[in-house]
Amino acid sequence: DHGRGNAVFKPARHGRHYSGVMTAPYIRLHSADDVVIARSQLIGGQTVESVTVKGLVPPGHKLAVTAIAAGAPVRRYNQIIGFATRPIAPGEHVHTHNLGVGDNGGDFARDYAFGADVKPAPARREATFMGIKRADGRVATRNYIGILSSVNCSATAARAIADHFSRQTHPAALANYPMVDGVVALTHGTGCGMDTEGTGMQILERTLAGYATHANFWGVVVVGLGCEANQINAWLAHSSLREGETLKVFNIQDTGGTRKTVEKGIALVKEMLPQANAVKREPCSAAHITIGLQCGGSDGYSGISANPALGAAVDLLVAHGGTAILSETPEIYGAEHLLTRRAVTREVGEKIVQRIRWWEDYCARNNGEMNNNPSPGNKLGGLTTILEKSLGAAAKGGTTALTAVYEYAEPVNEKGFVFMDTPGFDPVSATGQVAGGANILCFTTGRGSAYGCKPTPSFKLATNTDIYRRMIDDMDIDCGEVLDGVSIADKGKQIFDALIRVASGERTKSEQLGYGDAEFVPWTIGATM
């Protein structure tokens, strides 16, 4: 039925069927699937579901358990993940050599069935965390001072200001301010050589405004050059912002050069520090938690373990009144019908479809295609097509209703499960989520992505125990335990409990390693002139 009708993907918590005991060398996800997933290296001559393995099948990769004709759909999760590019015999390794998305990017019929799977709102729960209340009623999970650059030309000066307060090189600078998590410079490579009225400028202005007003910043200093396309005064006006106690702006050219700019920036931060340090943590409703959902370095286990476990945690957060932002539009391509079916209104669902169509046109205009994803690392981990990757990626969003769809870096003001249109490139995607208000980032990985996103803590979930053990200094939770029998619900509860601790100030592994200064990457759209 080409993914239509009642063949709706259900995350692992609903429909994962292991064959045999949990230590079996493979996983069957649905009785109608054409493939099973190797848990360990399968070797030629082994028997799997009465099928003799032909050759080697690496862990996380797919093994055909039925004969598949050339051009026929191939199913995993009881959903189409691609079409056979040649006949596939039972026992063969199914991957890039014999599986593709089909003509026109796999543009087969999908039943969007707007709102068909909307469930009643979950019973309200009331967890609390130790947050930092801001004057406007928002609640922070961290307490930074930020130095933003309006343009690449002012990036060096912005970093020099923040470097003066580095706990690594100048430990005395913040010694008297224990409640300040740090002074961080977030710089970028654009801001000029672009259309001042174009979409690219609008996105940059929106992103900078989201960071300048983020709850996790007590105050922000914005440094410009003076002659750039992204004029600070125009940005302030377009963003309905004005200078004040917690927002200071100035230009290098007006100040008299780089040295004087750095001195002025340091003086402004010193003025902010006493008040920034005067905050305290106090019990706050979990409804103030907004998490950005990310996956990077995905593998064949991502859609089985970490992603659905994170989805279970999302369902818990929504029940407590919180918000979760699913993003990476190219990585829900082929699975968008799972989201439209959960949309609270047809209008919300149609916004997803509109963004998919925009991306198809965007790729075509740039001589690309949606299936340039998965990445080489994803493919090494067992993911073959964007359709397969998307079906697993969508599981991060849990099962509750989709309440809103946002464009990149728009302020997220709806509660519950929402979607933001972003690229799949993790730094760009996460930058948009944080600009929208995410105060925690949850990042699943099967290959071992290293990532941070100040001023928001980044929390890493390993899809398999091997990568968790090999990168123990980077990974926060081992979701590979799901493959050994831990339930999705139990792992989701573990993740949710950990998120409460992180929101309360517990530092994640990426924070301990110092990640987050270099990962501010606003989405660049349009010609560079």
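Each step along the sequence shown adds one to the number in the working numbering, with nothing skipped, and position 221 is 215. Quick reminder that beta carbons are idealized off the backbone N, C-alpha and C, glycines included. Treat the numbers as computed from the prediction; the structure is a model and nothing was measured.
For the pair V133 and A209, the Cα-to-Cα distance works out to about 6 Å. Going by beta carbons, T90 and K448 fall outside the 8 Å limit. For Y400, DSSP records a beta bridge to M414.
In this model, G520 and G290 are separated by some 25 Å (Cα to Cα). Straight-line spacing of the CA atoms in E237 and V174 works out to 22 Å.
For the pair of segments examined, the segment 134 to 151 was found not to touch the segment 391 to 400: the number of CB pairs separated by less than 8 Å stays below three. Between F453 and A492, the CB-CB gap stays under 8 Å.
Ranked by Cα distance from M523, the options G187, G297 and S25 are led by G187.
A distance below 6 Å between beta-carbons, with the five flanking residues on each side excluded, links Y295 to the following residues of its chain, in chain order: G54, G440, T457 and N458. Here D472 has A456, T459 and Y462 as same chain residues with Cβ atoms under 6 Å from its own Cβ, once five neighbours each way along the sequence are excluded.
Taking C-beta atoms under 8 Å as the contact rule, M124 and G499 qualify, at a distance of about 6 Å. As a beta-bridge residue in DSSP terms, D472 pairs with A456. P67 and T339 have their C-alpha atoms roughly 31 Å apart.
Annotated three-state conformation of V422 is helix, per DSSP. Judged by DSSP secondary structure, M266 falls within the alpha helix (DSSP H) whose first and last residues are T252 to N271. Beta-bridge partners of G218 (DSSP): N245. F490 carries a helical assignment under DSSP once its states are collapsed to helix, strand and coil. The residue from A179, M195 and G192 with its alpha-carbon nearest to that of V217 is A179. Counting along the chain, P302 sits inside the alpha helix (DSSP H) bounded by residues A300 to A313. DSSP lists no bridge partner for I482. The continuous alpha helix (DSSP H) containing K503 extends over residues K503 to L507.
Under the three-state reduction of DSSP, P277 is assigned to strand.
Rounded to the nearest angstrom, the gap between the Cα atoms of R275 and G204 is 23 Å.
For T317, DSSP records a beta bridge to T284 and G410.
Looking only at V47, K48, L93 and S234, the smallest Cα-Cα distance to R69 is reached by L93. Of the residues assessed, T397 falls on the buried side of the cut-off, its CB having 16 or more other CB atoms within 10 angstroms. Between T416 and N433 the beta-carbon gap is near 17 Å, outside 8 Å, which marks them as no contact. Under a 10 Å Cβ-count criterion, K113 is classified as exposed, with fewer than 16 other Cβ atoms of the shown protein chains found around its own Cβ. Rounded to the nearest angstrom, the gap between the Cα atoms of R118 and E222 is 49 Å. Of all alpha-carbon atoms in N301, G376, F211 and V312, the one lying nearest the alpha-carbon of D293 is that of G376. Under DSSP, C436 forms a beta bridge with L287 and F453. Here the C-alpha atom of N360 lies approximately 36 Å from the C-alpha atom of V243. When DSSP states are grouped into helix, strand and coil, L36 belongs to the strand group.
In this structure I246 is in contact with A151, their Cβ atoms being roughly 6 Å apart against a cut-off of 8 Å.
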